[in-house]
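Worksheet: the structure to be examined is printed underneath.
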Amino acid sequence: MVLNHSNIVRLYLIKIMCQLLGMNCNTPTDIVFSFEGFRRRAGLTDRHSDGFGIAFFEGRGIRIFRDNQAASLSPIADCVKQYNIKSLNVIAHIRKATQGEVNIENTHPFIREIWGQNWVFAHNGNLKNLPDMTDHFLQPIGSTDSEAAFCYMAEYLKNTFRKKPSEMEIFEVIQKVTKELAQHGTFNFILSNGEWMIAHCSTNLHYVMRKAPFGKAHRIDDDGVIDFSNYAKAGDKVNIITTFPLTKDESWTKMENGGFVFFKNGEKIAEVIGTPKEAIDDGTLGNRTINSAI
């Protein structure tokens, strides 16, 4: 489903838990414009004020910032804006706690090593009665369902493949283990190993693909404006993935329940179309509908 200014949802929430933000592109790009709108949802235009985190892939390394303060007020979030880091893959998260205390160890995104690479994961939703992981090698450090699910996923992958498989083999197994975990609740997530990015939707996840010809975009949360043509080159391709659209004059695509998208180098490499269905307010949806204009 493609959303535009005439049918994008209103941005007033009742009780959505967390929100996700991801970027995948083909040339190192900063995420400041999107992040500045996104962080306002952490206490100003929304109530996701229980901490934030953002991870930037740089080569084989990761530069990560976390705070258990609201992103809208955090000096660390100010640092992210001033630093203007460029990356091919970025994952950010603003938290509304449902499981686990408000502290650094429970702050997304989470990182694990798989096949000699950093994998980064952030989740929106609520999972209950996850499989027992007592005997697993990979264990959560904090007390969130999100980190436990990521550890389960990572262990599943390592047990399935003794050495790093192809990207499409990874994508297929991610789908399999996700379907298992999604039986335990709401499981929207963004996952990346620095080479690609996978997004999965249980309830709400949207993306926009930016490429030439570039134009202006206005942020929803503060009406900040940018003209991408002043910054981007003709061959640049940037995908922004987020829980709810960040701009009101771009064509955002809403993912459906059970859908997956595999992004690499600013392209949509593979997709599994989900099943449209009426969303159930399990605490992750709020009062957004696709019938009211901003």
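Numbers 1 to 294, taken from UniProt numbering, label the letters of the sequence shown in order.
Backbone N, C-alpha and C fix where the C-beta goes; we use that ideal spot for every residue, glycine too.
For clarity, every value in this text was computed on a predicted model and none was experimentally measured.
Own chain residues within Cβ distance below 7 Å of residue i, not counting five before or after
{"i": "Ala182", "result": "Ser202"}
{"i": "Val272", "result": "Gln175, Gly259, Phe260"}
{"i": "Ile76", "result": "Phe65, Asp67"}
{"i": "Ile190", "result": "Leu20, Gly22, Ile91, Ala122, Met197, Ala199, Ile241"}
{"i": "Val80", "result": "Phe35, Ile54, Phe65"}
Euclidean distance between Cα positions of residue i and residue j
{"i": "Asn257", "j": "Ile85", "result": "33 Å"}
{"i": "Gly215", "j": "Ile241", "result": "19 Å"}
{"i": "Thr134", "j": "Asp145", "result": "14 Å"}
{"i": "Asn7", "j": "Asn103", "result": "Model confidence at Asn7 stands at a pLDDT of 45, short of 50, so the residue's coordinates are unreliable; what they give is reported in the following sentence. Distance between the alpha carbons of Asn7 and Asn103 is about 37 Å."}
{"i": "Val238", "j": "Gln117", "result": "23 Å"}
{"i": "Ile111", "j": "Arg63", "result": "11 Å"}
{"i": "Asn129", "j": "Ile141", "result": "18 Å"}
{"i": "Leu138", "j": "Lys254", "result": "33 Å"}
{"i": "Val9", "j": "Tyr156", "result": "Residue confidence for Val9 is low, a pLDDT of 42 falling below 50, so the modelled location carries little weight and cannot support an answer."}
{"i": "Cys151", "j": "Lys268", "result": "26 Å"}
{"i": "Met153", "j": "Asn188", "result": "14 Å"}
{"i": "Glu105", "j": "His93", "result": "14 Å"}
{"i": "Ala232", "j": "Val208", "result": "16 Å"}
Pick from the options that is closest to residue i, judged by C-alpha positions
{"i": "Ala212", "options": "Arg219, Gly194, Ala234, Ser192", "result": "Ala234"}
{"i": "Val173", "options": "His184, Gln117, Asn159, Gly185", "result": "Asn159"}
{"i": "Thr275", "options": "Lys268, Asn204, Asn239, Ala217", "result": "Asn204"}
{"i": "Lys164", "options": "Ile114, Lys128, His136", "result": "Ile114"}
{"i": "Pro131", "options": "Asp227, His108, Ala148", "result": "Ala148"}
Sheet register partners of residue i (DSSP bridge)
{"i": "Ile220", "result": "None; Ile220 has no bridge partner."}
{"i": "Val238", "result": "Cys25, Arg210"}
{"i": "Thr122", "result": "The question names Thr, but residue 122 in the sequence shown is Ala. Ile190, per the DSSP bridge assignment."}
Same chain only: Cβ atoms within 6 Å of residue i, ignoring 5 sequence neighbours per side
{"i": "Asp236", "result": "Thr27"}
{"i": "residue 298", "result": "A question about residue 298 goes unanswered here, because the residues of the chain that appear run from 1 up to 294."}
{"i": "Asp227", "result": "Lys216"}
Spatial neighbours of residue i in its chain, beta-carbon cut-off 8 Å, leaving aside the 5 residues before and after
{"i": "Val225", "result": "Lys216, Ala217, His218, Arg219"}
| message | Across the stretch 189 to 199 and the stretch 245 to 252, are there enough close Cβ pairs to call them in contact, namely three or more that are closer than 8 Å? | response | Judged by Cβ distances under 8 Å, the stretch 189 to 199 makes no contact with the stretch 245 to 252, as fewer than three pairs qualify.
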